[in-house]
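Chains as they are written, first to last, in the working numbering: chain F, 25 to 182; chain Y, 15 to 210.
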């Protein structure tokens with residue numbers, strides 16, 4: 025076996041993929057070739073040294089690693105809570121949406137009629153107390169043949 | 015490893031139990047793989063604290079993605095895909111290309127050598143040779159991220175080529191090529207150290 029062939033087999037040997045016969049042949053070459061032997065020593069050492077380096081790091085973090093399930097469980101619970109809890113935006117987003125809806129309703133009501141939508145003075149609007157026991161107040165448009173309720177405000181306290 | 019080698023409950027069974035609502039079963043999976051996961055993560059990100067965060071985040075992600083797991087495949091291959099991606103993301107975000115200090119704290123007795131996974135044969139020798147540890151870490155840090163992942167999965171975790179290919183979503187040929195490149199870099203670092 026020449027040096028070129030030997031260098032091609034050193035990595036396979038390090039991975040344990042070299043057949044026994046080829047390994048014996050390589051060993052014979054390495055015994056008589058210091059350059060290839062040095063190459064083999066360096067390649068063969070990468071795995072053990074890398075594992076040793078990792079092991080040292082792991083030893084330094086052993087207590088934290090022991091508590092990994094506690095950390096993971098806490099993280100799972102936190103994520104679960106976050107998924108259950110509506111976000112701040114979601115919690116208050118209905119307010120501007122409701123205001124916008126109310127404004128639009130007042131501006132464009134009644135859409136599709138001959139009334140000008142931007143002149144609420146043409147509305148024949150009256151406020152009526154339609155539920156005396158719970159003091160429900162209704163904003164009613166009496167401009168049509170039949171009165172139509174525009175808005176109802178309920179307040180059980182008054 | 016699928017949980018049968020040590021007489022434990024198979025991974026598939028633990029996953030089914032977890033999906034049925036028993037989080038304790040997932041805890042067993044965490045206990046089973048946390049050591050290996052940490053070794054892979056620290057090999058990629060370099061820093062121990064970052065590696066702990068990566069392992070934690072990967073397990074949490076795996077918990078919520080468990081419904082997507084295909085029974086019959088290996089849990090650890092599936093999990094390692096999450097882990098390696100998480101570690102690479104972490105590495106990119108932290109931009110921690112700076113040198114990571116070699117940790118000698120355990121030599122002073124600050125940490126117990128009884129860790130959570132099978133330790134290599136000579137960490138003591140390496141701990142006494144700070145320069146070699148630093149040289150190797152610099153060489154690892156200089157590797158492109160996927161080359162680093164390949165060498166760590168192969169040399170630290172002992173994964174086969176085809177398993178690494180599955181984890182990284184590439185061909186076996188690509189794995190072999192990256193491994194050859196990475197080994198070459200580490201070999202140079204070791205040689206340079208030896209030659210002084």
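Don't be surprised by glycine CBs; every beta carbon is placed ideally from N, CA and C. Note that the structure is predicted; figures quoted are calculated from it, not measured.
Residue 59(Y) is positioned such that its CB atom lies no closer than 8 angstroms to that of residue 94(Y).
Counting along the chain, the unbroken alpha helix (DSSP H) around residue 50(Y) starts and ends at 37 to 59. Between residue 42(F) and residue 50(F), the C-beta gap is smaller than 8 angstroms, which places the two residues in contact. With three or more CB-CB distances shorter than 8 angstroms, the segment 43 to 57 of chain Y counts as touching the segment 84 to 97 of chain F. Residue 73(Y) carries a helical assignment under DSSP once its states are collapsed to helix, strand and coil. Using a Cβ-Cβ cut-off of 9 angstroms, residue 186(Y) is close to nothing in chain F; its nearest Cβ partner there is about 12 angstroms away. DSSP places residue 190(Y) inside the alpha helix (DSSP H), whose first and last residues are 186 to 209. Around the beta carbon of residue 63(F), 16 or more other beta carbons lie within 10 angstroms, which makes this residue buried. With 16 or more other CB atoms across the displayed protein chains lying within 10 angstroms of its CB, residue 180(Y) is buried.
When Cβ pairs closer than 8 angstroms are counted between the two stretches, the segment 193 to 202 of chain Y is seen to touch the segment 61 to 78 of chain F, the count reaching three or more. In the pairwise beta carbon analysis, the segment 82 to 99 of chain Y is classified as not touching the segment 185 to 194 of chain Y: fewer than three pairs are separated by under 8 angstroms. In the DSSP annotation of this structure, residue 80(Y) is not part of any alpha helix (DSSP H), being labelled neither H nor E. Here the alpha carbon of residue 147(Y) sits roughly 45 angstroms from the alpha carbon of residue 35(Y).
Residue pairing of residue 87(Y) in beta bridges, as defined by DSSP: 85(Y). Residue 29(Y) and residue 87(Y) have their C-alpha atoms roughly 12 angstroms apart. Residue 87(F) carries a helical assignment under DSSP once its states are collapsed to helix, strand and coil. Residue 159(Y) and residue 102(Y) have their C-alpha atoms spaced approximately 7 angstroms apart. Take residue 25(F), set aside five residues on each side of it, and the residues of its chain with a beta-carbon closer than 6 angstroms to its own are 49 and 53, in chain order. An exposed status is given to residue 123(F), since fewer than 16 other beta-carbon atoms sit within 10 Å of its beta-carbon.
Using beta-carbon distances, residue 105(F) does not count as an interface residue toward chain Y, since no partner is under 8 angstroms.
Taking 8 angstroms as the upper bound on Cβ-Cβ separation, chain Y lies near residues 87, 88, 89, 90, 92, 93, 95, 96, 97 and 99 of the segment 87 to 99 of chain F.
Among the residues of the segment 137 to 171 of chain Y, those with a Cβ less than 8 angstroms away from any Cβ of chain F are 137, 139, 140, 141, 146, 147, 150, 151, 154, 165, 166, 168, 169 and 170, in the order of the chain. Secondary structure note for residue 33(Y): its alpha helix (DSSP H) is the uninterrupted segment 25 to 33.
For residue 174(Y), the three-state secondary structure derived from DSSP is coil. Residues of the segment 56 to 76 of chain F with a C-beta less than 7 angstroms from any C-beta of chain Y: 66, 67, 69, 70, 71, 72, 73, 74, 75 and 76, listed in chain order.
Rounded to whole angstroms, the separation of the alpha carbons of residue 98(F) and residue 37(Y) is 12 angstroms. Per DSSP, reduced to three states, the secondary structure at residue 103(Y) is helical. Counting only residues of its own chain and dropping the five nearest sequence neighbours on each side, residue 38(F) has a CB closer than 6 angstroms to the CB of 67 and 68.
Not one beta carbon of chain F lies nearer than 8 angstroms to the beta carbon of residue 103(Y).
Beyond the five residues adjoining it in sequence on each side, residue 190(Y) comes within less than 8 angstroms, by CB distance, of 175 in the same chain, given in chain order. Comparing alpha carbon positions, the residue from 47(F), 89(F) and 129(F) closest to residue 52(Y) is 89(F). Under a 10 Å Cβ-count criterion, residue 72(Y) is classified as buried, with 16 or more other Cβ atoms of the shown protein chains found around its own Cβ.
Taking a beta-carbon distance threshold of 8 angstroms, residue 108(F) does not count as an interface residue toward chain Y. Closest option to residue 105(Y), judged by alpha-carbon separation, among 50(Y), 139(Y), 143(Y) and 64(Y): 64(Y).
Counting every other CB atom within 10 Å of its CB across the protein chains shown gives residue 85(F) a total of 16 or more, marking it as buried. One Cα belongs to residue 163(Y), the other to residue 149(Y), and the distance between them is close to 18 angstroms.
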